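Residue numbers are given in my numbering: position 365 of the sequence shown equals residue 373, and the series is strictly consecutive.
Contents: one structure, followed by commentary.
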Amino acid sequence: MQELIRNFSIIAHIDHGKSTLADRLIQECGAVSEREMTSQIMDTMDIEKERGITIKAQSVRLTYPYNNKTYILNLIDTPGHVDFSYEVSRSLGSCEGALLVVDASQGVEAQTIANVYIAIDNNLEILPVINKIDLPAADPLKVADEIEQTIGIDCSNVLCVSAKSGIGIKELIESIIQKIPPPNGDENAPTKALIYDSWFDNYLGALALVRLKEGKLIKGKKIRVMSTQKTYEVLGLYYPNPIQKIPTHTIQCGEIGIVSLGLKSLTDLAVGDTITDGENPTKCPIEGFMPAKPFVFAGIYPIETDKFEELRDALNKLRLNDSALSFEPETSIALGFGFRVGFLGLLHMEVVKERLEREFGLNLIATAPTVIYEVYCTDGTMLLVQNPSQLPEVQKIALIKEPYVRAHIITPSEYLGNIITLLNNKRGVQEKLDYITESRVMLEYALPSNEIVMDFYDKLKSCTKGYASFDYEPIEYREGDLVKLDIRVAGEIVDALSIIVDRSKSYEKGRALVESMKDLIPRQLFEVAIQASIGTKIIARETIKSMGKNVTAKCYGGDITRKRKLLEKQKEGKKRMKAIGKVELPQEAFLAVLKID
Numbered sequence: 009m010q011e012l013i014r015n016f017s018i019i020a021h022i023d024h025g026k027s028t029l030a031d032r033l034i035q036e037c038g039a040v041s042e043r044e045m046t047s048q049i050m051d052t053m054d055i056e057k058e059r060g061i062t063i064k065a066q067s068v069r070l071t072y073p074y075n076n077k078t079y080i081l082n083l084i085d086t087p088g089h090v091d092f093s094y095e096v097s098r099s100l101g102s103c104e105g106a107l108l109v110v111d112a113s114q115g116v117e118a119q120t121i122a123n124v125y126i127a128i129d130n131n132l133e134i135l136p137v138i139n140k141i142d143l144p145a146a147d148p149l150k151v152a153d154e155i156e157q158t159i160g161i162d163c164s165n166v167l168c169v170s171a172k173s174g175i176g177i178k179e180l181i182e183s184i185i186q187k188i189p190p191p192n193g194d195e196n197a198p199t200k201a202l203i204y205d206s207w208f209d210n211y212l213g214a215l216a217l218v219r220l221k222e223g224k225l226i227k228g229k230k231i232r233v234m235s236t237q238k239t240y241e242v243l244g245l246y247y248p249n250p251i252q253k254i255p256t257h258t259i260q261c262g263e264i265g266i267v268s269l270g271l272k273s274l275t276d277l278a279v280g281d282t283i284t285d286g287e288n289p290t291k292c293p294i295e296g297f298m299p300a301k302p303f304v305f306a307g308i309y310p311i312e313t314d315k316f317e318e319l320r321d322a323l324n325k326l327r328l329n330d331s332a333l334s335f336e337p338e339t340s341i342a343l344g345f346g347f348r349v350g351f352l353g354l355l356h357m358e359v360v361k362e363r364l365e366r367e368f369g370l371n372l373i374a375t376a377p378t379v380i381y382e383v384y385c386t387d388g389t390m391l392l393v394q395n396p397s398q399l400p401e402v403q404k405i406a407l408i409k410e411p412y413v414r415a416h417i418i419t420p421s422e423y424l425g426n427i428i429t430l431l432n433n434k435r436g437v438q439e440k441l442d443y444i445t446e447s448r449v450m451l452e453y454a455l456p457s458n459e460i461v462m463d464f465y466d467k468l469k470s471c472t473k474g475y476a477s478f479d480y481e482p483i484e485y486r487e488g489d490l491v492k493l494d495i496r497v498a499g500e501i502v503d504a505l506s507i508i509v510d511r512s513k514s515y516e517k518g519r520a521l522v523e524s525m526k527d528l529i530p531r532q533l534f535e536v537a538i539q540a541s542i543g544t545k546i547i548a549r550e551t552i553k554s555m556g557k558n559v560t561a562k563c564y565g566g567d568i569t570r571k572r573k574l575l576e577k578q579k580e581g582k583k584r585m586k587a588i589g590k591v592e593l594p595q596e597a598f599l600a601v602l603k604i605d
């Protein structure tokens with residue numbers, strides 16, 4: 009049985025045709041009828057289809073007749089984005105092979121390289137596939153040469169396909185059967201299954217998508233989850249299919265399948281965990297399990313303050329399908345009640361905010377994203393700080409360490425100067441610079457995480473006209489000369505506008521922030537001062553002039569002292585208002601933090 013199974017996934021950069029290729033493979037194998045077939049059938053969310061990205065990994069079991077035998081092809085789809093690199097590593101750990109899909113007109117991109125290295129670490133058989141060969145700008149020979157030079161994979165027998173028109177799909181499937189090895193595992197050993205995805209079903213509860221490494225799973229038997237040591241009964245087993253799950257009684261060694269245990273939450277079915285036999289457990293779990301760790305934090309608040317409970321319910325529902333999401337309540341003087349939410353990265357943050365707004369009809373405001381800092385105090389203690397308002401007083405801080413990432417950027421060589429300027433502005437440290445071809449350069453830089461969570465990607469795209477591709481991985485914490493920059497409006501610190509910045513940039517950032525605030529805050533009946541400060545030291549200031557009311561309009565002449573008396577009275581009134589007046593900040597003011605250079 010095992011020699012007829014092939015487990016493989018598809019690795020590709022955004023928009024290189026991964027979902028379309030999956031559609032063609034499903035169609036060619038007849039897993040979905042023509043009537044039920046839709047484009048990007050593996051992408052289940054509207055956001056995925058609109059943006060052309062995969063957020064939630066999907067799998068499908070295909071059958072294909074070849075040389076008088078029926079082969080089982082398990083396509084294990086993976087998200088492509090760096091935010092989900094842990095899920096990618098678990099999905100690739102469930103395969104024996106991977107299709108490396110590269111666009112014939114665009115060539116190798118940064119994300120492709122990052123995911124290929126994960127596949128190489130998992131000892132997968134990699135089949136290079138050049139897609140979109142029917143485009144007018146396609147240059148398969150040049151791209152094959154690029155793959156050989158950049159990644160070091162032999163491309164003498166590279167497969168050229170067009171996922172859109174179906175060219176070369178049959179040859180690709182035959183190549184998968186011939187070149188990707190079948191799974192190897194002992195079917196008589198104790199059950200050992202890797203959970204590489206989990207989600208919540210309204211009718212069946214929490215479901216785990218597993219790859220059986222050893223043994224087998226049988227409906228009705230007891231199983232144990234290794235990280236929690238809890239035992240459950242298997243209520244249902246299914247094979248994955250985009251239209252509807254196919255029920256089965258047994259999942260054999262080497263196969264993939266869905267396990268239903270009747271659980272009400274995903275906490276006990278963490279991605280990367282191991283499932284084993286309840287009565288005869290395996291001795292050691294599958295290596296590489298890590299609990300999901302948030303990388304970026306932001307405050308999310310409802311614009312209408314009475315929607316706080318609705319936001320809590322929405323986040324709880326979303327967490328049923330996204331175990332990486334973490335949140336805790338927080339309050340802000342400026343924004344009221346909300347939540348501090350932890351995300352895997354910036355794309356994850358965007359997707360979660362968009363889903364909350366679309367699926368639950370909420371109007372939300374998100375504060376500037378921050379990362380976790382290690383703050384060493386003068387009394388010898390160490391604090392983990394993710395919110396600028398949690399920073400201790402300046403005199404109590406000995407040093408602050410910030411997380412760094414290793415960034416991989418691939419760009420046409422004509423934009424090299426622009427990118428190096430941008431990276432230097434972002435405090436980047438160059439580690440490598442290689443010419444892949446005469447016209448394409450690969451850069452490797454160490455960058456502080458807080459420099460990329462704001463607007464780095466947008467700036468990179470604008471300074472390269474959209475041609476550069478970018479990928480990163482967290483590396484370590486390094487000491488930085490960091491300070492907390494506060495914004496004061498009418499003398500009061502607005503906590504939601506506080507940011508942690510490098511001291512050398514604090515003056516220009518403070519200056520830029522107060523200038524943008526001046527244009528955004530509406531004029532009041534009294535003069536409003538907007539100040540940027542570090543501790544008690546004011547480093548920048550702008551003043552919004554008061555709105556004047558013509559109090560002398562009713563005087564038609566007469567003595568000048570009458571007018572003067574009215575103006576003095578107005579002056580006193582404005583003074584009193586300034587002392588007790590409150591300034592309402594518009595929503596755009598909180599977004600200004602994200603837009604400053």
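Yeah, the Cβ is synthetic: ideal placement off N, Cα and C, and Gly gets one too.
Treat the numbers as computed from the prediction; the structure is a model and nothing was measured.
Cβ-based burial, residue i [other Cβ within 10 Å; buried from 16]
i, result
"P255", "exposed"
"V402", "exposed"
"M357", "buried"
"K434", "buried"
"C37", "buried"
"C163", "buried"
"A406", "exposed"
"N288", "exposed"
"R531", "exposed"
"L225", "buried"
Beta strand (DSSP E) segment containing residue i, residue limits
i, result
"E318", "Looking at the DSSP string, E318 is not in any beta strand (DSSP E); the run it does join, the alpha helix (DSSP H), is 316-329."
"D494", "490-497"
"E365", "Careful: E365 lies outside any beta strand (DSSP E), inside the alpha helix (DSSP H) at 354-368."
"M9", "M9 -> no beta strand (DSSP E), and no H or E assigned at all."
"D31", "First-last for D31: 26-37, but that is the alpha helix (DSSP H), not the beta strand (DSSP E)."
"G105", "105-111"
"T284", "282-285"
"I134", "133-139"
C-alpha distance - residue i paired with residue j, whole-angstrom precision
i, j, result
"V151", "V413", "28 Å"
"Q157", "L167", "17 Å"
"D494", "T551", "16 Å"
"G265", "A216", "8 Å"
"Y485", "G262", "40 Å"
"L103", "I427", "The amino acid at residue 103 is misidentified as Leu; the sequence shows Cys. Those two C-alpha atoms are separated by around 37 Å."
"L354", "S457", "11 Å"
"P250", "S27", "13 Å"
"L70", "E362", "33 Å"
"D205", "D111", "28 Å"
"S524", "I408", "28 Å"
"E241", "T290", "17 Å"
"F297", "H24", "30 Å"
"S477", "A106", "21 Å"
"Y480", "K553", "45 Å"
"A374", "F305", "10 Å"
First and last residue of the uninterrupted alpha helix (DSSP H) at residue i
i, result
"S541", "From DSSP, S541 is part of no alpha helix (DSSP H) but of the beta strand (DSSP E) over 536-542."
"Y475", "Neither: Y475 is in no alpha helix (DSSP H) and is coded neither H nor E."
"E550", "Unbroken run through E550 is the beta strand (DSSP E), 545-552; no alpha helix (DSSP H)."
"Q157", "148-159"
"Q186", "177-187"
"V522", "511-528"
Beta carbon of residue i nearer than 8 Å to that of residue j
i, j, result
"I18", "A30", "yes"
"E459", "H416", "no"
"L245", "I231", "no"
"V379", "P411", "yes"
"A537", "R549", "yes"
"P377", "S334", "no"
"L202", "I308", "no"
"T282", "K200", "yes"
"K272", "A197", "no"
"P396", "S506", "yes"
"D510", "G543", "no"
"L4", "L430", "This structure leaves residue 4 out entirely; the chain is present only between 9 and 605."
Answer yes if the stretch 441-455 comes into contact with the stretch 377-395, meaning at least three C-beta pairs across the two stretches below 8 Å, and no otherwise. no
Using 8 Å as the cut-off, can you tell me whether the stretch 305-319 makes contact with the stretch 357-372, which would need three or more C-beta pairs spanning the two stretches below that distance? Yes, the stretch 305-319 is in contact with the stretch 357-372.
When you compare the stretch 221-237 with the stretch 268-286, are there three or more beta-carbon pairs, one atom per stretch, that lie closer than 8 Å? Yes, the stretch 221-237 touches the stretch 268-286.
contact_flag[the stretch 170-181, the stretch 130-147] where n(CB pairs < 8 Å) is 3 or more: yes
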